[in-house]
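Novice: Have a look at the structure that comes next, please.
Residue numbers (my numbering), protein chains in the order written: chain A, 16 to 80; chain B, 9 to 213.
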């Protein structure tokens, strides 16, 4: 089991960040992803496998400034 | 009589630390111009400001510029406005667009970087480049500044050296209005985070 923005989600073995975002339907294209207090860079989304019991925060960037 | 109760040592220590510190700001629009002036008033010793744009009349509903500055470059206009508050502050300006691949360049020697860009794509790219290339430099960003009201939805998300002033339910500025009260609130939130990073958490001693 993993936690995504406070919600419990099933853990899938060898699932990458890209696959998880798709599975939980985070459709925002521009996100900062934190896994267990570490920032995962976008270039690593398709290769980084999420460990079981991870706490994941997905923060999306919204235009305006 | 207020002075009598103020911790003078704390006051002197804070002023000195801020004066010896530097903050870099990417973009001096609604977020950046307001954050820069707040930091100048707080007594930050050096600011590095980057923007390619010129002041337009339509900016005046939220950005720290004046009618007689319409047409001048934002970096020059904000430099002049800051100098009117504090002529001693050292200001380095870059009147150009941040280029993908070298976005960290103007900020290699500052203590804290503030992301104050407008487009979500740019924000994400900038944050990632700073995290990757200046891993020891704290970066403060903002996401969700559009609209009005909803003060209480704003919070700070911290991930290592990245601090995001965040309202996840805010609309995009592509779909909603940007107005001074809320954007200045977020700009000052960013500036306040920068001050807290520089000074450490306020402990009331």
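Every residue gets a Cβ at the ideal spot worked out from N, C-alpha and C, and that includes glycine. Since this is a predicted model, take the numbers as computed values, not measurements.
Terminal residues of the continuous beta strand (DSSP E) containing residue 151/B?
Specialist: Numbered from 1 along the second chain, position 143 holds the residue referred to as residue 151/B. Unbroken beta strand (DSSP E) run through residue 151/B: 147 to 151.
Novice: Quick check: is the beta carbon of residue 36/A nearer than 9 Å to any beta carbon in chain B?
Specialist: What you label residue 36/A is simply residue 21 of the first chain in a count that begins at 1. Taking Cβ atoms only, chain B never reaches closer than 9 Å to residue 36/A, which makes this a no.
Novice: Mind listing the chain C neighbours of residue 80/A? Cutoff is C-beta to C-beta under 7 Å, in chain order.
Specialist: No chain C appears in the structure shown, which is made up of the protein chains A and B.
Novice: Since residue 45/B and residue 89/B should fall inside the 8 Å C-beta cutoff, what is the C-beta to C-beta distance between them, to a whole number of angstroms?
Specialist: Residue numbering aside, residue 45/B sits at position 37 when the second chain is read from its first letter. Residue numbering aside, residue 89/B sits at position 81 when the second chain is read from its first letter. Indeed they touch by this definition, with Cβ atoms about 7 Å apart.
Novice: Is it the case that the Cβ atoms of residue 21/A and residue 38/B are separated by a distance below 9 Å?
Specialist: Indexing the first chain from 1 puts residue 21/A at position 6. Indexing the second chain from 1 puts residue 38/B at position 30. Taking 9 Å as the Cβ cut-off, residue 21/A and residue 38/B do not qualify as a contacting pair.
Novice: Going by other Cβ atoms of all chains shown within 10 Å of its Cβ, with 16 needed for buried, is residue 52/B buried or exposed?
Specialist: The residue labelled residue 52/B in the question sits at position 44 within the second chain. Flag for residue 52/B reads buried.
Novice: Just reading off the beta strand (DSSP E) that residue 120/B is part of, what are its end residues?
Specialist: Residue numbering aside, residue 120/B sits at position 112 when the second chain is read from its first letter. Residues 120 to 123.
Novice: In terms of residues, what are the limits of the beta strand (DSSP E) holding residue 163/B?
Specialist: One-based indexing of the second chain puts residue 163/B at position 155. Here the beta strand (DSSP E) through residue 163/B covers 163 to 167.
Novice: Please compile the residues from chain B whose C-beta is within a distance smaller than 8 Å of the C-beta of residue 52/A.
Specialist: Here residue 52/A refers to the residue found at position 37 when the first chain is read from its first residue. Those within 8 Å of residue 52/A in chain B are 167, 168.
Novice: Run the CB neighbour count on residue 42/B, radius 10 Å, all protein chains shown included, and call it buried at 16 or more, exposed below.
Specialist: Reading the second chain from its first residue, position 34 is the one you call residue 42/B. Residue 42/B should be labelled buried.
Novice: Using a 10 Å radius around the Cβ and a threshold of 16 neighbouring Cβ atoms, would you call residue 186/B buried or exposed?
Specialist: Translated into the one-based positions of the second chain, residue 186/B becomes position 178. With 16 or more other Cβ atoms within 10 Å, it is buried.
Novice: Does the separation of the CB atoms of residue 94/B and residue 58/B fall below 9 Å?
Specialist: Position 86 of the second chain holds residue 94/B. Position 50 of the second chain holds residue 58/B. Their beta carbons are not under 9 Å apart, which means residue 94/B does not touch residue 58/B by this criterion.
Novice: For residue 163/B, I'd like the list of residues in its chain whose CB is within less than 7 Å of its CB, leaving aside the five on either flank, ordered along the chain.
Specialist: The sequence position of residue 163/B within the second chain is 155, counting from 1. Only 174 meet the Cβ criterion.
Novice: With burial defined as no fewer than 16 other Cβ atoms inside 10 Å of the residue's Cβ, what is the status of residue 75/B: buried or exposed?
Specialist: Residue numbering aside, residue 75/B sits at position 67 when the second chain is read from its first letter. Residue 75/B comes out exposed.
Novice: Indicate whether the contact test is met: 3 or more Cβ pairs, each with one atom in the stretch 60 to 76 of chain A and one in the stretch 26 to 37 of chain B, closer than 8 Å.
Specialist: Contact between the stretch 60 to 76 of chain A and the stretch 26 to 37 of chain B is absent, because fewer than three Cβ pairs lie under 8 Å.
Novice: Closer than 7 Å by C-beta to residue 135/B: which residues in its own chain qualify, once you throw out the five before and the five after it? Chain order, please.
Specialist: Within the second chain, residue 135/B is the residue found at index 127, counting from 1. Cβ within range, chain order: 123, 147, 149, 170.
Novice: Could you list which residues in chain A have their beta carbon closer than 9 Å to that of residue 180/B, in chain order?
Specialist: Taking the first residue of the second chain as 1, we reach residue 180/B at position 172. Correct list: 77, 78, 79.
Novice: With distances taken from CA atoms, which of 133/B, 108/B, 81/B, 158/B is nearest residue 47/A?
Specialist: Taking the first chain and counting its residues from 1, one reaches residue 47/A at position 32. Cα-wise, what sits closest to residue 47/A is 133/B.
Novice: Please state whether DSSP places residue 40/B in a helix, a strand or coil.
Specialist: Reading the second chain from its first residue, position 32 is the one you call residue 40/B. Looking at residue 40/B - three-state DSSP - the assignment turns out to be helix.
Novice: Is there a Cβ of chain A sitting closer than 9 Å to that of residue 55/B, yes or no?
Specialist: Sequence index remark: in the second chain, residue 55/B carries index 47 (1-based). Not closer than 9 Å to any Cβ of chain A, the Cβ of residue 55/B fails to qualify, so no.
Novice: Starting from the N-terminal side, write out each stretch of the beta strand (DSSP E) that is 3 residues or longer and does not extend beyond the stretch 15 to 73 of chain B.
Specialist: Taking only runs of at least 3 residues, the beta strand (DSSP E) segments lying wholly in the stretch 15 to 73 of chain B are 30 to 34, 54 to 58.
Novice: Compare the C-beta of residue 44/B against all C-beta atoms of chain A and say whether one is closer than 9 Å.
Specialist: The sequence position of residue 44/B within the second chain is 36, counting from 1. No, residue 44/B does not count as interfacial toward chain A.
Novice: Just to confirm my understanding: we take residue 189/B, look at its own chain, exclude 5 residues before and 5 after, and list those with CB closer than 8 Å. What are they?
Specialist: Counted from its first residue, the second chain places residue 189/B at position 181. If we look at residue 189/B and ignore the five residues flanking it on each side, its Cβ neighbours are 156.
Novice: Residue 126/B: which of 17/B, 82/B, 153/B sits nearest, CA to CA?
Specialist: Reading the second chain from its first residue, position 118 is the one you call residue 126/B. Out of 17/B, 82/B, 153/B, 153/B has the C-alpha closest to the C-alpha of residue 126/B.
Novice: Quick one, which of 31/A, 32/A, 34/A, 39/A has its alpha-carbon nearest residue 24/A's?
Specialist: Along the first chain, read from residue 1 onward, the residue named residue 24/A stands at position 9. With distances taken between Cα atoms, residue 24/A lies closest to 39/A.
Novice: Using DSSP with H/G/I as helix, E/B as strand and the rest coil, what is residue 105/B?
Specialist: By 1-based counting over the second chain, the position of residue 105/B is 97. The answer is coil: DSSP assigns residue 105/B none of H, G, I, E or B.
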